[in-house]
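The numbering used here applies: residue 354 is where the sequence shown begins, and numbers increase by one.
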Amino acid sequence: MAKIVDNLDPSLSRIKPKLYYVIFIISDVFSLVLQAVGGATSTSSNGQSKSAVDLTLAGLSFQVFSMVAFCGLIADYMIRYSKSGGRALTSPRLRLFITFLSLAILLILARCAYRVAELSNGYEGNLIHDEPLFIGLEGVLIALAVLALCIGHPGFVFLRSENGLKMSKKASEENGIMLQSE
Numbered sequence: 354m355a356k357i358v359d360n361l362d363p364s365l366s367r368i369k370p371k372l373y374y375v376i377f378i379i380s381d382v383f384s385l386v387l388q389a390v391g392g393a394t395s396t397s398s399n400g401q402s403k404s405a406v407d408l409t410l411a412g413l414s415f416q417v418f419s420m421v422a423f424c425g426l427i428a429d430y431m432i433r434y435s436k437s438g439g440r441a442l443t444s445p446r447l448r449l450f451i452t453f454l455s456l457a458i459l460l461i462l463a464r465c466a467y468r469v470a471e472l473s474n475g476y477e478g479n480l481i482h483d484e485p486l487f488i489g490l491e492g493v494l495i496a497l498a499v500l501a502l503c504i505g506h507p508g509f510v511f512l513r514s515e516n517g518l519k520m521s522k523k524a525s526e527e528n529g530i531m532l533q534s535e
């Protein structure tokens with residue numbers, strides 16, 4: 354998201370582009386640590402510790418919360434960008450990237466929401482014992498998210514430069530997308 358904001362119009366973002374990294378990497382690490390501690394505690398108690406399940410559930414819930422906040426910031430930025438009269442997203446590569454990135458994020462969000470629902474009744478709930486549902490909402494959603502990121506790979510839009518990723522020259526020349534000066 355930070356690279357999209359950097360390359361389109363940073364002034365429209367509610368937060369500085371670099372803060373996307375700081376906020377959401379820290380949020381993700383925090384939620385993963387909660388999940389790991391809860392899972393480890395649960396394993397050592399043979400699944401009998403309610404506090405371990407609650408800790409894992411807190412980690413999953415925080416992950417869903419931070420992903421919803423991230424989606425809100427993406428949506429807000431894209432709405433502000435489209436209303437600003439700025440360049441339209443006419444580059445096929447950029448549109449493909451944003452479309453499939455959005456799809457991957459929504460698939461992962463759906464998977465995380467499922468995991469919250471699955472664990473909400475602990476290890477004795479109905480959802481945790483429904484293997485076909487687990488395969489569909491865990492494995493299939495993640496496989497589809499990976500496929501979406503392969504199709505809309507950022508490498509098709511951004512190139513590595515000394516100052517980080519920048520919009521590729523081919524993508525910028527195709528449809529008039531201007532690069533930030535280095």
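Backbone N, C-alpha and C fix where the C-beta goes; we use that ideal spot for every residue, glycine too.
Here the structure is a predicted model, which means the values were calculated and not measured.
For the pair D483 and A457, the Cα-to-Cα distance works out to about 24 Å. Rounded to whole angstroms, the gap between the alpha carbons of L387 and G412 is 5 Å.
Bounds of any alpha helix (DSSP H) do not take in I488, whose DSSP letter is neither H nor E. Judged by DSSP secondary structure, R464 falls within the alpha helix (DSSP H) whose first and last residues are 445 to 472.
Secondary structure of N360 (DSSP, three-state): helix.
Within the model, the alpha-carbon separation for A501 versus G400 is close to 35 Å. Counting C-beta pairs with one atom in each stretch, the segment 416 to 424 and the segment 445 to 454 have fewer than three that are closer than 8 Å, which means they do not touch. Note that the segment 463 to 473 touches the segment 486 to 501; at least 3 beta-carbon pairs, one per stretch, sit closer than 8 Å.
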